[in-house]
């Protein structure tokens, strides 16, 4: 029997979910089916046999979320005393009862009691397409799932409520959810953040590299400015960013062998450099490159803001070019998106003669760093030590080299670029991940492991992966619009021992990546922030 189905764009193997369900201590049997929802969408429904049909859905659902990706977690779980069977003794899937979605809402309806509950009820009613939802009705019993939770979060934010999918999965009724929801823009500190800031794991990692010129580890971006180019408005907009996004005002000092960072105030103002290249002609690129080199080398870690900006003016009616250089210690890829959105918003407001008004701040980088430092000493991340320090990770040979004493620097690297045809790209992005229920990263890492294995003769390869690092560790912390360097770096063991085919290799890599605790964030926390000597192991 083919149990592979496609639900909301994902190919899912029902048997895989059933296997995981059956491993829960409270479950003796399990079946997963696809049912049509009242809204016309398909929904995964899990049926589990528990002692006396006792409702274990909450515990089982949390267990599934630890073992499976969100799209494979059934939207509804039904606990039964026994599964219906046919005369042949097989599970009678047609006789499985429909999950109760709305009867509970009509039977135990409770009106919203607070403004937050009222807003949440309005959002749930809109997204779940139920006309009447009480504050004690369960999100999953109403047909909710991980995809729907994203829409709930988005609409709640539009109504001024900050909620995460993680909170929704843990607090499954409006009444419970209202107790942890924060009023967006009011909960977080909106004033100027100042004072000492603990170094985060990625910042400590950078200083551990002992670079000869640590001030030159930057991220840069060249922007076009539509004419007429107003230099004063550009400078005002950049200054607004520096005052609003506190991490841009971080400064760093080396005291002995240790580095420290401080969030400075807003006393210093940015000076926008203006360079006229209107007469440069064919030499414009060279002129810009010379200025860019000087900017890249001109940052000083001890002087905030760690931002330099130059406006290249190319003549009347021509687009200007704005070069921004930021030290990586205060910015990452996610931060750039926030900064560019706010820069565009501020410049448009000034161009229309309006005062600059940027969106409310989320949790300051300083607060995130402080919370992460405390989290590093706790039991939750301490429990990950066995995973990261496992013997299988310690017994991995290094890659073979021709000259063991040779320099291992960025300058000595060489790149080989290969272009894929359109059909090859389609197969790589769509067919292979779909057939193996994998993500593109799983596929590429499997290819890497196989290639290195063929070249080196080793079936176990240890590689460093990079993540965005903005994990939902704390329910009262939101760093979705916080500027700073959050990146996480962590080692992943690509183990192809026992994999006889490429398909088996992909499955092995996929499962290894799924077992990563908290998307790898804990590795850096344990190595760089834990105070019990863990990082030295």
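In full-length UniProt numbering, the protein residues as written are 1 to 537.
Even for Gly, the Cβ is constructed at its ideal location relative to N, Cα and C.
Check	Outcome
Would the beta-carbon of residue 164 fall within 8 angstroms of that of residue 137?	no
Going by alpha carbons, who is nearest to residue 390 out of 493, 412, 337 and 97?	493
In terms of residue numbering, what span does the alpha helix (DSSP H) encompassing residue 19 cover?	14–22
Specify the secondary structure class of residue 293 as computed by DSSP and reduced to three states.	helix
Roughly how far, in whole angstroms, is the beta-carbon of residue 7 from the beta-carbon of residue 47, given that I think they are within contact range, below 8 angstroms?	Actually they do not touch by this definition, with Cβ atoms about 16 angstroms apart.
Checking the sheet assignment: what are the DSSP bridge partners for residue 436?	Answer is none; residue 436 lacks a bridge partner.
Mind reading off the beta-carbon distance from residue 117 to residue 135? Whole number of angstroms is fine, and I expect it under 8 angstroms.	5 angstroms
Go ahead and pull the three-state DSSP assignment for residue 159.	coil
Any idea what DSSP makes of residue 485, helix, strand or coil?	coil
Assuming contact is defined by CB atoms lying nearer than 8 angstroms, are residue 81 and residue 49 in contact in what I supplied?	yes
Following the continuous alpha helix (DSSP H) through residue 218, name the residue where it begins and the one where it ends.	Note, residue 218: premise wrong, no alpha helix (DSSP H); beta strand (DSSP E) at 218–225.
Can you find the residues in the same chain that come closer than 6 angstroms, C-beta to C-beta, to residue 185, ignoring five residues on each side of it along the sequence?	With a pLDDT of 46 at residue 185, under the threshold of 50, the predicted position of this residue should be treated as unreliable, and no value is reported.
Would you check if there are 3 or more beta carbon pairs closer than 8 angstroms linking the region 186–205 to the region 290–305?	no
Roughly how many whole angstroms lie between the Cα atoms of residue 85 and residue 91?	4 angstroms
Could you tell me the alpha carbon to alpha carbon distance between residue 531 and residue 226, rounded to whole angstroms?	52 angstroms
Exposed or buried, residue 72, counting other C-beta atoms within 10 Å across all chains shown (16 or more means buried)?	buried
Report the residue ranges of all alpha helix (DSSP H) runs contained in full by the region 447–483; include only those spanning at least 4 residues, in chain order.	none
How long is the line joining the alpha carbons of residue 337 and residue 55, rounded to whole angstroms?	45 angstroms
Does the region 510–520 touch the region 484–502, meaning 3 or more C-beta pairs lie closer than 8 angstroms?	yes
Reducing DSSP to helix, strand and coil, say where residue 400 ends up.	coil
Is residue 238 helix, strand or coil when you go by DSSP?	helix
Quick one: grab the DSSP three-state call for residue 208.	helix
Could you check the C-alpha separation between residue 335 and residue 481 for me, to the nearest Å?	7 angstroms
How is the alpha helix (DSSP H) around residue 425 delimited, first residue to last?	422–426
Quick one: using the 10 Å Cβ neighbour count with 16 as the cut-off for buried, is residue 74 buried or exposed?	buried
Going by DSSP in three states, residue 490 sits in which element: helix, strand or coil?	strand
Which runs of the alpha helix (DSSP H) fall wholly inside the region 25–74 and span at least 4 residues, in chain order?	57–67
Can you tell me whether residue 369 is buried or exposed, with buried defined as 16 or more other CB within 10 angstroms of its CB?	buried
Give me the Cβ distance between residue 76 and residue 42, rounded to the nearest whole Å; I'm assuming they're in contact under 8 angstroms.	With a Cβ gap of about 12 angstroms, residue 76 and residue 42 do not count as contacting.
Give me whichever residues DSSP pairs with residue 76 in a beta bridge.	45
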